[in-house]
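Visitor: Protein chains in written order, with our numbering: chain V, 3 to 515; chain D, 67 to 1113. Don't be surprised by glycine CBs; every beta carbon is placed ideally from N, CA and C. Remember, it's a predicted structure, so these values are computed and weren't measured experimentally.
This is the structure in structure tokens:
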């Protein structure tokens, strides 16, 4: 026998299960999409009753009094699915994670251990409730019948063995979830329940709907026997070490990290996996002042997190250790460490073969170390939020100095890199631009002061006016640029200045070589 | 120092300019710019409007165009200015040549040899960053630039090339300017400062950016450097331009010098209407006289003195204005139609002319009806008369159009254009795409936008946005909304006007550029009909009128099935039974008198003779309604109000309409009589009050009227009342002649419907879409009048609805044209096969008509059209569906050919509701009982009255009716009231929904298909309405019944 645990309105339940208070009577809608255009992607029964439909915009959903709106969170749904799997695993080791919100459990041989099927159903419901999920249970001699019973009926449904067809017969055909085209065809035939589909002559049906029709009919008759696609317990690679004495130096911490990483990579190797993401959680003795968050309820524990992302999965613990050392050197914890937890995300290893005529790119591990070193020196992001380390790419925009920084990649021989047009003069750009004071006469600069130095303008060319992104208040820009030949005691030469149109402030953008 | 802007683009460069010509002219005037040249891309689309606006604002409007050139020696957009009439003619011919060389929507470009051929009278500038000089400098540097300038000099002449400089604060542009100045110096060419204007004011740069995205199918975020670098291409004041070119004062001075050289203006277009080739070489007027005399004798039998006098007067004026050719050409089209059995009738003011009546152009006798000739033609007006011809829409109209093309040559006749402008829906959709909104939201939004003819204070763009779920507090959404509003009325593209044709003596392509239309064999001018009229180009409107096709088809069907010949010209006009039906407002399907408003006034007006019908047609128009003339007229008709006249002098004018002015002519005559206007002045007055009314002109006219009346001793309230009559309606009313022409068609349609219901209904259904009602309503109405309508059946049906005779009864068979998804060629094939041998099984049908795909077969099975395939037993719809599914799937070579031993289908027959749903889904109608009929018993139990019962209720009673909503209308003249029509098996009930009630029950009023409505009965003068007080959805059927909503 098989049990199906089915979570109706899964996205809603997943989003709400950790929220305090009893919200199951309240209308809830889950939203997804860009900020300016959030749309309802899931609702609960209470919301449905009040006319909230999938596809409505946030503004339309807000019209419903008392509506609770939440943003969709895939991690929460994954955690909820994992919790559902945990529920199943409590009753049988043979569990299938069928789809989000549906878990099938093989109950063979558990009757003596767990009681009658009704009792199992009750226990499953209670167990799911403890995880914050309200479920429907279907129990039947085959997985699909159990699934349809759970999806089509409320509460706990136990389908007597041998009576599957009769049990399923009144269920609406939509419960089978056939393709829209087939559903439309069956509707035109007047086939609206499992029973009426089951009653059609099989050969004639196959002549018309092919194997798909046959499968649907067998499902409607509750005849399909299949093996579950068993789900292993989630792969978790986490190692923790609680320290007797808090550590306040990085060097001894490196020893501990070394040990933990050695164990983790050994486990990864055993499963022929690598990792491309390592998380370190350090529990600190006292509250430091940055990058901290309250991890527990009512406790005074403070955690310090770091995370490393690698371009390729690896099993090389020495590499991982080196990267962690560099990272911690750049971002040291502000207090002694009491507990260390290292979590590795498993990933399939990838093997690449270099071409015979391809230029030798740096070995990915070494490259990553070099980049980490650079990051440790120059920092992670600039003031505009762009990464400081990577490959700059010029944006297709009139916006001056418009560029973005993409993760560094070794040159691909096949890619056609766009060459910038040759420039007669090279401009050294000050990033960020230097604030300046500019004296103008008839709107033409005549004297400039910056970095505490003063210079007369010998010649001025400009203004070169540009503005854009008027549709976006955050990125809207407007500048007037000038080329100024300065003739001062300390500073002289050709400079590029600009005036921000909105603030009327002057800056030195760069100097020409 | 003065400055003239000589390089500007208007929004008529279609997505490459952001301001209307009028805005450009206004800003020029405000900035003290004495003249401007609008150079639209590859056309002179915006020139007439710019010319008119410039005239109004007192600036000079220069004409020219930016011509795309692609040649080895010259590539880019070359600005050309017209110096003289020959220059304009050359430009027009050049554009026509470029455009007609390639199909519509293809990119066009001229070659250097084209320029060479048409260079005379044109002055060339070197263009902006997309101009040929910039291109040459970019590609080959100074050397190439020099070569280009020499080439342009050799084409246009040494004096006619100006090196153009623009300054938009851009480095590369300034670099180019330096090179250009050097070259100009070297070749001794004049410099010319322009601003390459793309919009009137700086703020409109955003509109241009949106247009750029629409043109390139990009979003704002991804358009990158396609967008403007800054917003400096606006109309700058002479001071600003002088400051910008302080180092080159001669570049500014040259603009004034060049402007003075440009003598050409659109006043001097050189248009001439073609001369009619008179047989035997006589004069046109003599020939016209002869034709008129002959026609008058046939028409009047005998010609009365009045008629003779009128004809003499008209012919004298026609001779004086040299218009004989025009009348002969229209007569020639009429003659062609008659000879080819094409129904044709003139409408509009032409029916005021006895000459038109005698020539057979119109069917209304203006002498008998005392119509005002000045409304049609006057000496003072100085414009061409306007003759509109109604033809059956479709092939027959096309035949007439092709005849005109053939007669006057490809370059001698063309259709007028129709400028499609951005309106609510299109703006919301296209701007939304540019802003990156998803299609679903845009779909929802464009559904909300549009709205009714009447717009309440709440029917604004912001409210529609909120309705579609957009948050206006979000800056991005606010910007989106702002741009949607700013895009309103800007041109989007050019299409072809439905019937307006212009004809020219000689080559039309020297008068206005021509371009190909999407329809093969059609050529379109670059101006719309108003522009053509403004510039004095005569046009003939060959309009397609659906009802003319219905009349024609009905006559053919009557001939075939009733064995009778009906001559529309000889219809007896005094048949009481026809007027009885009209008086009862039983007018569904009849021309002009079938709308809700018409029906609501018919019992009051009680038309008993033809002229009553003429007033009826004119009565329900915005002019009489808003001028509050409808109600007094109807009261006087019913004897509830005495007939009085605002002034005794108006009695003769208003006597026929019981003292209430209903027609345009009456208004003109009132002005002539009371205020001493001449005929031409009166016509001027009508135009001033036309659809482009301006406050200032209104005040001037009113002043003139009052002075005139005061001179005639009319003062006080009488004066006020007359002024109110005249100013409130004017253009929004029909001319009497036009109403009479329409009344003729209305009467004919009523006559055919009453006498030959089957033929008329079949013709109506075959020519749909037209009129006020969906086919479902037309069919139900015909059934209520006793017509048997048989369902679609592949064994009997044709593409069109046809008539069948069974035991002396004529029945209507629905045509396969009503099956959703079925194409006419497929049906033609089916009918051909059926005629060769009957279909034995569905499989047999499928094999013989392979064009029928599985979806077609399934649809035919669903609507029951396959029930009679194979003669032995009648199938039910699901039997057919079961078979269709098998037929549609090939079994493979192994099983093919094996005899099918399958028994009957295991499927249950469809239930009534399922059949209804299938009928409406597949054909939009049902020939079976009305959906409401199945629920009548139940409804009666709920106290719901049928439409027939509602008509019997007395005024003030409370009642509940129910039905499917077939129309929703919110007329502009009804102060926000909504009129709903509910249909049930006994007829239609009329419901009035107040604005307050609508605001509270918006969803039910707008979207429910079946409703019940409770309210108070208003039963006055045999007109019954229910004033809604409660509305609710009714669960009758899931059938997709449609409502004709006037959105």
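Beta-carbon separation of residue 5 of chain V and residue 29 of chain V under 9 angstroms?
Guide: Working through the first chain from its first residue, we reach residue 5 of chain V at position 3. Working through the first chain from its first residue, we reach residue 29 of chain V at position 27. Not in contact: residue 5 of chain V and residue 29 of chain V (Cβ atoms no closer than 9 angstroms).
Visitor: Whole angstroms is fine: what's the gap from residue 223 of chain V's alpha carbon to residue 153 of chain V's?
Guide: Counting from 1 along the first chain, the entry for residue 223 of chain V is found at position 221. Counting from 1 along the first chain, the entry for residue 153 of chain V is found at position 151. One C-alpha to the other measures close to 16 angstroms.
Visitor: Got a sec? Which residues, its chain only, sit under 7 angstroms from residue 295 of chain D by beta carbon, not counting five neighbours each side?
Guide: Within the second chain, the letter at position 229 stands for residue 295 of chain D. These residues qualify, in order along the chain: 236.
Visitor: I'd like to know if residue 464 of chain V contacts chain D, where contact means its C-beta is closer than 9 angstroms to some C-beta of that chain.
Guide: Along the first chain, one-based indexing puts residue 464 of chain V at 462. Yes, because at least one Cβ of chain D sits closer than 9 angstroms to the Cβ of residue 464 of chain V.
Visitor: Is the distance from the Cβ of residue 879 of chain D to the Cβ of residue 888 of chain D below 9 angstroms?
Guide: The count along the second chain starts at 1 and reaches residue 879 of chain D at position 813. The count along the second chain starts at 1 and reaches residue 888 of chain D at position 822. No, the Cβ-Cβ distance between residue 879 of chain D and residue 888 of chain D is not below 9 angstroms.
Visitor: Any beta carbon from chain V within less than 9 angstroms of residue 236 of chain D's own beta carbon?
Guide: As a position in the second chain, residue 236 of chain D is number 170, starting the count at 1. Closer than 9 angstroms: yes.
Visitor: I want to verify the contact list: residues of chain D whose CB lies under 9 angstroms from the CB of residue 59 of chain V, in sequence order.
Guide: Locating residue 59 of chain V in the first chain gives position 57, counting from the first residue. Near residue 59 of chain V (Cβ distances below 9 angstroms), the residues of chain D are 507, 510, 534, 535, 536 and 537.
Visitor: Can you list, in chain order, the residues of the segment 329-342 of chain V whose Cβ is nearer than 8 angstroms to any Cβ on chain D?
Guide: Against chain D - using a Cβ distance shorter than 8 angstroms - the segment 329-342 of chain V contributes no residues.
Visitor: Is it buried or exposed, residue 291 of chain V, if we count other Cβ atoms within 10 angstroms and call 16 or more buried?
Guide: Within the first chain, numbered from 1, the residue matching residue 291 of chain V stands at position 289. Any reading at residue 291 of chain V must be qualified, since the residue scores a pLDDT of 44, below 50, and its modelled position is unreliable; the value itself is stated next. It is exposed - the Cβ of residue 291 of chain V has fewer than 16 other Cβ atoms within 10 Å.
Visitor: Can you check which of these residues, D:903, D:419 and D:1109, is closest to residue 380 of chain D by C-alpha distance?
Guide: Here residue 380 of chain D corresponds to residue number 314 of the second chain, with the count starting at 1. For the residues D:903, D:419 and D:1109, the minimum Cα distance to residue 380 of chain D belongs to D:419.
Visitor: At a cut of 8 angstroms, does the segment 315-332 of chain D reach the segment 251-260 of chain D through at least three beta carbon pairs?
Guide: Counting Cβ pairs under 8 angstroms, three or more are found: they touch.
Visitor: Is it buried or exposed for residue 421 of chain V, if we count other Cβ within 10 angstroms and need 16 for buried?
Guide: As a working mapping, residue 421 of chain V is identified with position 419 in the first chain. Because the pLDDT at residue 421 of chain V is just 44, under 50, the model does not fix this residue reliably, and the value given afterwards should be weighed accordingly. When all chains shown are included, residue 421 of chain V counts as exposed.
Visitor: Run through DSSP, which three-state label would residue 519 of chain D get?
Guide: Counting from one through the second chain, the residue named residue 519 of chain D turns up at place 453. With a pLDDT of 46 at residue 519 of chain D, under the threshold of 50, the modelled position of that residue is not reliable, and the figure given next carries that caveat. Three-state result, residue 519 of chain D: coil.
Visitor: Comparing C-alpha positions only, which one of V:452, V:504 and V:490 sits nearest to residue 467 of chain V?
Guide: Here the question's residue 467 of chain V lines up with position 465 in the first chain. Of V:452, V:504 and V:490, the residue nearest in Cα terms is V:504.
Visitor: Taking 8 angstroms as the threshold, find out whether the segment 1067-1081 of chain D comes into contact with the segment 976-989 of chain D through three or more Cβ pairs.
Guide: With the cut-off at 8 angstroms, the segment 1067-1081 of chain D and the segment 976-989 of chain D do not touch.
Visitor: Would you say residue 307 of chain V reaches chain D, if we count a Cβ-Cβ gap shorter than 9 angstroms as a contact?
Guide: Here residue 307 of chain V corresponds to residue number 305 of the first chain, with the count starting at 1. Judged by the 9 angstroms Cβ criterion, residue 307 of chain V is not in contact with chain D.
Visitor: Could you compute how far the alpha carbon of residue 727 of chain D sits from the alpha carbon of residue 644 of chain D?
Guide: Numbered from its first residue, the second chain carries residue 727 of chain D at position 661. Numbered from its first residue, the second chain carries residue 644 of chain D at position 578. The straight-line gap from Cα to Cα measures roughly 27 angstroms.
Visitor: With 9 angstroms as the C-beta to C-beta threshold (strictly closer), list the residues of the segment 124-145 of chain D near chain V in chain order.
Guide: Listed by position along the chain: nothing, the set is empty.
Visitor: Quick check: what's the CA-CA separation for residue 108 of chain V versus residue 79 of chain V?
Guide: Position 106 of the first chain, counting from 1, holds the residue named residue 108 of chain V. Position 77 of the first chain, counting from 1, holds the residue named residue 79 of chain V. Straight-line Cα distance between these residues: approximately 23 angstroms.
Visitor: So with CB distances below 9 angstroms, who are the chain V contacts of residue 504 of chain D?
Guide: Within the second chain, residue 504 of chain D is the residue found at index 438, counting from 1. Those are 35, 39 and 41, listed as they occur along chain V.
Visitor: Using a Cβ cut-off of 9 angstroms (strictly closer), state whether residue 543 of chain D contacts chain V.
Guide: By 1-based counting over the second chain, the position of residue 543 of chain D is 477. Chain V, which has a Cβ nearer than 9 angstroms to the Cβ of residue 543 of chain D, makes this yes.
Visitor: Anything in chain D within Cβ reach of residue 398 of chain V, meaning under 7 angstroms, just list it in chain order.
Guide: As a first step, residue 398 of chain V is located in the first chain; it is residue number 396 there, counting from the start. Chain D residues near residue 398 of chain V: 290 and 291.
Visitor: Taking buried to mean at least 16 other C-beta atoms within 10 Å of its own C-beta, is residue 740 of chain D buried or exposed?
Guide: Locating residue 740 of chain D in the second chain gives position 674, counting from the first residue. So residue 740 of chain D ends up on the buried side.
Visitor: Are the beta-carbon atoms of residue 684 of chain D and residue 800 of chain D separated by less than 9 angstroms?
Guide: Residue 684 of chain D sits at position 618 when you count from the first residue of the second chain. Residue 800 of chain D sits at position 734 when you count from the first residue of the second chain. Cβ atoms of residue 684 of chain D and residue 800 of chain D: closer than 9 angstroms.
Visitor: If you compare alpha carbons, which of D:476, D:496, D:411 and D:421 is closest to residue 458 of chain D?
Guide: Numbered from 1 along the second chain, position 392 holds the residue referred to as residue 458 of chain D. Cα-wise, what sits closest to residue 458 of chain D is D:411.
Visitor: Would the segment 676-695 of chain D count as touching the segment 761-774 of chain D if we require 3 or more Cβ pairs under 8 angstroms?
Guide: Too few Cβ pairs lie closer than 8 angstroms, so no.
Visitor: Taking buried to mean at least 16 other C-beta atoms within 10 Å of its own C-beta, is residue 172 of chain D buried or exposed?
Guide: As a first step, residue 172 of chain D must be located in the second chain, where it is residue number 106. Exposed: under 16 other Cβ atoms inside 10 Å.
Visitor: Can you tell me whether residue 535 of chain D is helix, strand or coil according to DSSP?
Guide: Here the question's residue 535 of chain D lines up with position 469 in the second chain. Coil, per DSSP.
Visitor: For residue 422 of chain D, is the classification buried or exposed, using 16 other Cβ atoms within 10 angstroms of its Cβ as the cut-off for buried?
Guide: Counting from one through the second chain, the residue named residue 422 of chain D turns up at place 356. By the 10 Å Cβ count, residue 422 of chain D comes out buried.
Visitor: Pick from V:253, V:395, V:93 and V:443: whose alpha carbon is nearest that of residue 114 of chain V?
Guide: Walking along the first chain from the start, residue 114 of chain V turns up at place 112. Per the Cα distances, V:93.
Visitor: Indicate the three-state DSSP secondary structure (helix, strand or coil) for residue 340 of chain V in the structure shown.
Guide: Here the question's residue 340 of chain V lines up with position 338 in the first chain. It is a strand residue.
Visitor: Between the segment 990-1003 of chain D and the segment 1095-1108 of chain D, do at least 3 Cβ pairs fall closer than 8 angstroms?
Guide: With a cut-off of 8 angstroms, the segment 1095-1108 of chain D and the segment 990-1003 of chain D count as touching, because enough Cβ pairs lie within range.
Visitor: In angstroms, rounded to a whole number, what distance separates the CA positions of residue 180 of chain D and residue 601 of chain D?
Guide: Indexing the second chain from 1 puts residue 180 of chain D at position 114. Indexing the second chain from 1 puts residue 601 of chain D at position 535. Using only the alpha carbons, I get a separation of about 27 angstroms.
Visitor: Per DSSP, what kind of secondary structure is residue 508 of chain V in: helix, strand or coil?
Guide: Here residue 508 of chain V is taken as the residue at index 506 of the first chain, counted from 1. Reduced to three states, the DSSP call for residue 508 of chain V is strand.
Visitor: Please tell me whether residue 223 of chain V has its Cβ less than 9 angstroms away from any Cβ of chain D.
Guide: Looking up residue 223 of chain V in the first chain gives position 221. No, its Cβ sits nowhere closer than 9 angstroms to a Cβ of chain D.
Visitor: Counting only beta-carbon separations shorter than 9 angstroms, does residue 916 of chain D have a partner in chain V?
Guide: On the second chain, position 850 is the one that residue 916 of chain D refers to. Not one chain V Cβ lies under 9 angstroms of residue 916 of chain D.
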